[in-house]
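The structure appears right after this line, and notes come after that.
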Amino acid sequence: MESGHNRQYRRLFKTAQQNIVKKINHTARVIRVSDSELESGRYRKLLCENETGSIRCGKGETIRIIRGKYGRSDAVTCWSKEDQLGNCVSEDSLVKIYDLCNRKNNCILTASGGVFGSACSNSSSYLKLNISVKVGTVTVCEGNVTTIDCPDLGRMSIINANYGRRNTVTCPHGLIRHNYCLTKFSVDVLFNVCENKPSCRFDASSVVFSDPCPPTFKYLEAIYRCL
1 MESGHNRQYR RLFKTAQQNI VKKINHTARV IRVSDSELES GRYRKLLCEN ETGSIRCGKG
61 ETIRIIRGKY GRSDAVTCWS KEDQLGNCVS EDSLVKIYDL CNRKNNCILT ASGGVFGSAC
121 SNSSSYLKLN ISVKVGTVTV CEGNVTTIDC PDLGRMSIIN ANYGRRNTVT CPHGLIRHNY
181 CLTKFSVDVL FNVCENKPSC RFDASSVVFS DPCPPTFKYL EAIYRCL
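The opening residue of the sequence shown carries number 1 in the UniProt record's numbering; numbering runs sequentially from there.
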């Protein structure tokens, strides 16, 4: 049976994913995103001809282009009565999409032949993308203080956090008597400190997160998005 804490984590995770989808599609038409895509961090984006849209990631996040095309392959998407059915795709569109967005923190796209090359002579075109966004992560060794900032006054959404230890490699120290020990409510503590703020500063300490395994040297791992 799923614990209340796990249910809360899944709820927070899904809310964060849904918010980033809304932001990705802010200036574009929205294609339905399934729950499985939300869980995997993959999204779809659609721009009809001459529409402009932006993809903006938080600090430490990068865009990865999975697929993309500019042209037309059906009589439904961005369709108007003046359009004629055709299967036409600009050969250079994927290369151009990669140049503009792949492995970048943010990018702006305009669905036009001037950008991606002429595709359809008798129909309007559209730009269709499959992308994934890598989340921001931070690791803070015990006793250290760190600050997380979201660019452009974005708001932070905490996805997960763990205080304790899960291996002997991260934050190496001479005093490690437990290989695996975690505070139960790390995500709740960090949520109270950082959620919905443009910036937050916190201590990786047992005073803040409680001590799951004294006297082992511990660390905090956090996963977040800037929305």
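Note that the Cβ used here is the ideal one computed from N, Cα and C, for glycine as well.
Nearest C-alpha to R67 among V138, Q84, I108 and N102: N102.
Fully contained in the UniProt domain "SUEL-type lectin" (140-227) are the following beta strand (DSSP E) runs of length 3 or more, in chain order: 145-149, 156-165, 199-203 and 219-226.
The three-state secondary structure of K96, taken from DSSP, is helix.
With a beta-carbon spacing of about 5 Å, C120 and R72 fall inside the 8 Å limit used to define contacts. In the DSSP assignment, V89 is bridged to G71.
Burial of Y224 is indicated by the presence of at least 16 other C-beta atoms within 10 angstroms of its C-beta.
Residue environment analysis places T137 among the exposed positions, since fewer than 16 neighbouring C-beta atoms fall within 10 angstroms of its C-beta. Inclusion of R155 and L227 in the CB contact set at 8 Å is warranted, their separation being smaller than that value.
Within the same chain, and ignoring the five residues on either side of L127 in sequence, the residues whose Cβ sits closer than 6 Å to its Cβ are L47, Y70 and A111. When DSSP states are grouped into helix, strand and coil, G114 belongs to the helix group. Closest in C-alpha terms to I55, from the list S123, I131, A75 and N122, comes I131. The C-beta of G143 has fewer than 16 other C-beta atoms within 10 Å across all chains shown, which makes the residue exposed. Residue burial annotation: G53 is buried, with at least 16 other C-beta atoms found within 10 angstroms of its C-beta.
With respect to the C-alpha of A222, the residue from P215, A75, P212 and Y163 having the closest C-alpha is Y163. The alpha-carbon of L100 is positioned some 37 Å away from that of C171. Ranked by Cα distance from D188, the first of Y180, S199, S210 and R177 is S210. According to DSSP, residue pairing for V135 in a beta bridge does not occur.
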